[in-house]
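Undergrad:
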Amino acid sequence: MDAITAAANERIQNAFKEDRSILFVCNSYDRGELEARIQKSDALKKRHFDISTEGDVELEKKIAGSSLVILFSNKSDEHAHINKAIVVVASQKKQVIYAKGDLAESIPPYVAQFRIRTVSWSALLEILA
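Counted the way the numbering used here counts, the sequence shown spans residues 39 to 167.
(1) Could you please give me the residues that DSSP links to residue 80 through a beta bridge?
(2) State the beta-bridge partners of residue 108 as determined by DSSP.
(3) Taking 9 Å as the threshold (C-beta atoms), are residue 144 and residue 115 in contact?
(4) If you draw a straight line from the alpha carbon of residue 112 to that of residue 60, how long is it in whole angstroms?
(5) Are residue 63 and residue 110 close, meaning C-beta to C-beta below 9 Å?
(6) Output yes or no for whether 9 Å exceeds the beta carbon distance between residue 82 and residue 123.
(7) Among the residues of its own chain, which have a CB less than 8 Å from the CB of residue 118, if the five just before and after it don't count?
(8) With a CB to CB cut of under 7 Å and the five nearest residues on each side skipped, what residues in its chain are close to residue 127?
(9) Identify the continuous alpha helix (DSSP H) that holds residue 125 and give its terminal residues.
(10) Of all the options 46, 70, 45, 47, which has the alpha carbon lying nearest to the alpha carbon of residue 139?
(11) Residue 79 and residue 163: beta carbons closer than 9 Å?
(12) Between which two residues does the beta strand (DSSP E) containing residue 157 stretch?
(13) Going along the chain, which residues of its own chain have a beta-carbon closer than 8 Å to the beta-carbon of residue 47, five neighbours each way excluded?
Structure, rendered in structure tokens:
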């Protein structure tokens with residue numbers, strides 16, 4: 039299992055190193071928390087990124103222009119936008135990871151269905167460091 043995890047981490051790190059941006063996808067309820075976490079992270083605040091929340095009509099275009107898609111939820115139990123993003127990510131074969139916040143009680147259904155790798159926020163920062 040360690041070899042599989044190491045290979046997955048390497049793919050995420052390579053996508054993180056590319057010049058293209060990172061796209062964060064979350065519910066608008068969790069956006070403030072996500073922005074605060076990004077600002078506290080040395081690795082993330084130096085990178086160009088965009089945040090997509092529900093109602094974003096350019097979701098497919100943003101995913102296409104990103105090297106890495108990071109799904110995030112913390113307090114919200116509404117996951118329709120994240121599920122929509124997962125379908126687009128799968129169709130475009132993009133690198134994706136789901137980072138759950140400390141208060142996340144449920145994960146989006148498509149994270150399990152599409153077997154998206156799930157990590158804590160602190161584990162995500164370790165991978166990207």
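Glycine residues also receive a C-beta, built at the ideal position from the N, C-alpha and C atoms.
TA: Walking through what the data contain:
(1) Per DSSP, none; premise fails for residue 80.
(2) 62, 135.
(3) yes
(4) 19 Å
(5) yes
(6) no
(7) 92
(8) Closer than 7 Å at the Cβ level, and outside the excluded window around residue 127, lie 101, 107, 134.
(9) 118-130
(10) 70
(11) yes
(12) Run containing residue 157: 156-158, per the beta strand (DSSP E) assignment.
(13) 165
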